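Okay, so here's the structure we're looking at.
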Amino acid sequence: MKLYFAPRTRATRARWLLEELGVPYELVKLDLSRQENSTPAYLAVHPLGEVPALVEGDVTLLESLAICLHLADRFPEKHLAPPMGSTERGPYYQWMVFAELTLDPVVMAFHQHAQLPEEEQASAHSAEELAKHRTRLAAVLDVINGGLGDREFLVGGAFTAADVVMVSILHWANTLKLLDGHPRLAEYVKRHAQRPAVRRAVSG
Ligand SMILES: N[C@@H](CCC(=O)N[C@@H](CS)C(=O)NCC(=O)O)C(=O)O
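Heads up, the sequence shown is in the numbering used here, so the first residue is -17 and it goes up one at a time.
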């Protein structure tokens, strides 16, 4: 297996999961600042020039969520996904998809706001948009907080790929200081960030 990767991107969650699984893989690092993702060779792997991409034999897999779902199922003996058809499988899908399709867009909205020039950030339109995002973010974080409760992991009392995807996006939210009013979620992120597999995934 070959993982096309760049640090501090959505590729980190795929690398983290590979490290948790402890399976052999080849890491191909791309320097996005040098447009190494725009070469004809890489565009033949990922036509949009994005990371991650996972190549195994004749199959190339795009989309970090699909890669995480696939990898956790590919090695069932590692128990990073509840068995197919089990009671836990539904919540497992739910949290993976909630993280990607509900949490990620609102975090992205804050990220994009932070990239705006200062005068644009201060404009009335921008402030109004930000207020809407804040309301949405609070509601979304409340759902995750309620789902997690006092438990250590999202699903089935054990660490799964759902934690990998959720923590990755919450970690991004945390770097934007969006978890300041949610100590339990901040603690959930901090605790997972200390996992040895995370340290390996962000090293070098
Ligand atoms: N939905 C895709 C998004 C992939 C994506 O947007 N990757 C970004 C990094 S997080 C990228 O490669 N951007 C190319 C660039 O910055 O030039 C996924 O989750 O894999």
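Where a beta carbon is used, it is the ideal one built from N, C-alpha and C, also for glycine.
Remember, it's a predicted structure, so these values are computed and weren't measured experimentally.
* Check whether the Cβ of Ser150 lies closer than 6 Å to any heavy atom of ligand 1, and answer yes or no. => no
* For Gln69, which option in Gly138, His95, His174 has the closest C-alpha, if you only look at C-alpha atoms? -> Position check: residue 69 holds Thr in this sequence, whereas Gln was assumed. Checked all of Gly138, His95, His174; the closest Cα to Thr69 is Gly138.
* Beta carbon shell of ligand 1 at less than 5 Å from a heavy atom -> Thr(-9), Arg(-8), Leu14, Glu32, Val33, Glu45, Ser46
* Could you spell out where the alpha helix (DSSP H) holding Ala144 opens and where it closes? => 143 to 157
* Asked: Around the Cβ of Thr157, are there at least 16 other Cβ atoms within 10 angstroms (buried) or fewer (exposed)?
  -> Answer is exposed; the Cβ neighbour count stays below 16.
* Which value, in whole angstroms, describes the spacing of the CA atoms of Val122 and Arg(-8)? -> 20 Å
* **Sequence-distant residues of its chain with Cβ nearer than 7 Å to Glu82 (five each side left out)** => Here the set comprises Leu47, Val147.
* Compare the beta carbon distance of His115 and Val89 with 7 Å and say whether it is the shorter of the two. => no
* Flag this pair as touching only if the region 90 to 100 and the region 39 to 54 have three or more C-beta atom pairs under 8 Å; answer yes or no. => no
* Ignoring anything shorter than 4 residues or poking outside the region 90 to 131, list the alpha helix (DSSP H) runs there in chain order. => Runs found: 100 to 103, 106 to 130.
* Considering Glu38, what are the terminal residues of the beta strand (DSSP E) in which it resides? -> DSSP places Glu38 inside the beta strand (DSSP E), whose first and last residues are 35 to 38.
* Report yes or no: do the region 165 to 182 and the region -4 to 10 share at least 3 C-beta pairs separated by less than 8 Å? => yes
* To do: Count the other CB atoms, across all protein chains shown, that sit within 10 Å of the CB of Ser150; report buried if there are 16 or more and exposed otherwise.
  => buried
* To do: Below 8 Å on the Cβ atoms is my guess for Arg(-3) versus Leu9; work out the distance and round it to an integer in Å.
  => 7 Å
* To do: Mind checking who Glu8 pairs with in its DSSP beta bridge?
  => Lys(-16)
* N-terminal and C-terminal residue of the beta strand (DSSP E) that Thr(-6) is part of -> No beta strand (DSSP E) holds Thr(-6); the alpha helix (DSSP H) holding it covers -7 to 3.
* Asked: Is the CB-CB distance between Ala26 and Tyr74 below 7 Å?
  -> Remark: C-beta atoms of Ala26 and Tyr74 do not approach each other more closely than 7 Å.
* Compare the C-alpha of Glu134 against each of Lys172, Ala155, Lys159, Pro65 and name the closest. => Lys172
* Asked: Going straight from the alpha carbon of Gly186 to that of Ala(-12), what length do you get?
  -> 11 Å
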